[in-house]
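Below is one structure, written out as structure tokens, with a few remarks after it.
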Amino acid sequence: MARILIPTYPQDMHACEVALAFEDQGHEAVLWHGSDFPTLASASIEIRGERLDWEIAGPDLEGGRPPFDVVWHRRPTPPVLPEDLHPGDRPVAKRECQAFLEGLYHLAAPDAFWVNPLASWERAENKPVQLREAVRAGLTVPPTLMSNDPARIRRFLEEFQGRAVYKPFYPAQWDADDQMAVLLTSEITAEDLPEDELLRLTPGIFQARIDKAHELRVTVMGGHVVTARLPSQEVEETRLDWRAAGAKLRIEPDRLPDDVEAACLRLMRSLGILFGCFDFIVTPEGGHVFLEVNPAGQFLWVEEANPGIPLLAPFVDFLVSGDPGFRWRPAADAPRHADYGPRALDRVRALHPRHRDPESTYVSTDLPQDAVR
Amino acid sequence: MKKNDKDHHPGRSLGRRLARELTRKELELVAGGFSTWTLTDPPDGPYRDKP
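Listed in order, the protein sequences are those of chains A and B. So for the first sequence, my numbering puts the first residue at 42; every next one is plus one. So for the second sequence, my numbering puts the first residue at 113; every next one is plus one.
Written out as structure tokens, the structure reads:
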């Protein structure tokens, strides 16, 4: 029997679904909801001479003690402090919580199979690093400018006149009472830019717009590569960014050319990750253009859209294997999203009321226009 | 879903100017159909936060 620790948040379908499949195979899964700390959950690290002991405890948290064979570093969530904590004490409490939890992560299971390794996270998620390393690994990347320099941005947009897109480094949403504003990949021209003093306050990613035949979502676990074709040009809303209407797409299995697959694996090695979800454009000429790799990307939606593309079973087997070079061999009784999805939803619904929601770091509160003029 | 072109949003960042404005109902419909992600819990995020 293997024991797996899954740092995550209370509404994480992926974590619940994988945990259920893991448990049905006779293993033990422990979900650690970081947002419960410190109000609902507690944690301790005790050092006595050579002996290290640690423990996490809280609602629905049994077995929060070592050892663990696997850590799926799924969605580690920052602590949430209560509203009634004195404002003067919040920065101190937040720093103390962060320092303590960082230490806990480092000491919790250093010999376990980490997906992804703790040390690789920050670098692997960094977009400029990804793009640079992708080129070094042999992948094609769109001409890209990342800048807050108004003059360089304007020159770039002039060069790719009418054929440029803008993306943020990090998901961004603005929440108002009756609506939300969601920032996806957007077409951009010089006319869209604000005045220079404002433009320089928020660096962004500016890329040449690449013609698309279709797009690929490639999920890599160890050495097992699952490629799904997204016919994004068949649906008006998804032509620029398929996230705008992903559920309308007729997703089909596909295959990466060998040289592109080898380059993906080189990129993962250089970033130090064992799991990643890649996004590619396939051009009308058949070229593959790398957009990004998400080290904590969602993946079960591909099987949800097309049950003929297994992802739950290989992922569970990958975790159990502890093998960085994992290759999946299908089994007749392999777990399927169609069976586990509804059970996971039930578990999420049951768990959610007993836990604290995390504070999103990418949703801002939008104020009425009058308030920002 | 169209780029926000209703207003110039003086004083707002480039990202906010380009963001698509959706009612909550529209937001549900956009990625509707998947139980495993939504636009507010997108396929590429939320990214890892400092614990």
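By construction, the Cβ of each residue, glycine as well, lies at the ideal position given by its N, Cα and C atoms.
Residue i vs residue j beta-carbon contact at 7 Å
i, j, result
"Pro235/A", "Leu126/B", "yes"
"Val206/A", "Thr230/A", "no"
"Gln220/A", "Lys253/A", "no"
"Val71/A", "Trp113/A", "no"
"Arg270/A", "His255/A", "yes"
"Pro117/A", "Asn189/A", "no"
"Ala440/A", "Leu312/A", "Since the first residue shown for chain A is 42 and the last is 414, residue 440/A is missing from the structure and cannot be characterised."
"Ile292/A", "Asn347/A", "yes"
"Pro184/A", "Ala249/A", "yes"
"Ser76/A", "Ala98/A", "no"
"Thr268/A", "Arg310/A", "no"
Beta-carbon separation (whole angstroms), residue i vs residue j, contact threshold 8 Å
i, j, result
"His396/A", "Glu345/A", "At roughly 24 Å, the Cβ-Cβ gap does not stay under 8 Å, so His396/A and Glu345/A are not in contact."
"Phe316/A", "Val259/A", "Contact doesn't hold; Cβ gap of about 12 Å is too wide."
"Cys110/A", "Phe63/A", "One point to set straight first is that residue 110/A is Asp, not Cys, in the sequence displayed. The Cβ separation is near 11 Å, so there is no contact."
"His74/A", "Pro51/A", "5 Å"
Same chain, Cβ closer than 7 Å to residue i, neighbours up to 5 away in sequence not counted
i, result
"Phe210/A", "Lys168 and Ile246"
"Ala375/A", "Pro351 and Ala354"
"Tyr403/A", "Tyr211, Pro212, Ala213 and Gln214"
"Phe321/A", "Glu256, Leu257, Val259, His329, Val330, Phe331 and Leu332"
"Leu172/A", "Val182 and Thr185"
"Pro79/A", "Pro120 and Cys138"
For residue j and residue i, the rounded distance between their alpha carbons
i, j, result
"Val223/A", "Asp407/A", "11 Å"
"Pro272/A", "Glu137/A", "48 Å"
"Trp342/A", "Gly90/A", "48 Å"
"Leu257/A", "Phe319/A", "8 Å"
"Ser405/A", "Leu151/B", "15 Å"
"His393/A", "Pro100/A", "11 Å"
"Glu138/B", "Glu96/A", "44 Å"
"Thr148/A", "Ala175/A", "Residue 148/A is actually Leu in this sequence, not Thr. Straight-line Cα distance between these residues: approximately 31 Å."
"Asp299/A", "Pro365/A", "19 Å"
"Glu133/B", "Val323/A", "29 Å"
"Ala372/A", "Leu46/A", "25 Å"
"Pro399/A", "Glu326/A", "44 Å"
"Ala217/A", "Trp162/A", "32 Å"
"Asp282/A", "Ala43/A", "39 Å"
"Phe201/A", "Glu228/A", "11 Å"
"Leu159/A", "Ala140/A", "15 Å"
"Lys114/B", "Thr49/A", "Residue confidence is low: Lys114/B scores 46 on pLDDT, short of 50, so the model does not pin down where it sits. Its coordinate-derived value is still stated next. Approximately 33 Å between the Cα atoms of the pair."
Cβ-based neighbour list, residue i, same chain, cut-off 8 Å, excluding 5 preceding and 5 following
i, result
"Arg368/A", "Gly263, Gly264 and His265"
"Arg131/A", "Leu122"
"Tyr159/B", "In this predicted model, Tyr159/B has a pLDDT of only 46, less than 50, meaning its place in the structure is not dependable; the value taken from the coordinates is given anyway. Cβ within range, chain order: n/a, list empty."
"Asp68/A", "Note that residue 68/A corresponds to His in the displayed sequence, not to Asp. So the qualifying residues of the chain are Met42, Ala43, Arg44, Ile45 and Val361."
Beta-carbon proximity list for residue i, same chain, < 6 Å, skipping 5 on both sides
i, result
"Ala304/A", "Ala178, Gly179 and Leu180"
"Cys57/A", "Ala385, Arg388 and Val389"
"Val413/A", "The predicted position of Val413/A is uncertain, since its pLDDT is 43 and thus under 50; a value taken from the coordinates is nonetheless stated next. None."
"Arg307/A", "Ala178"
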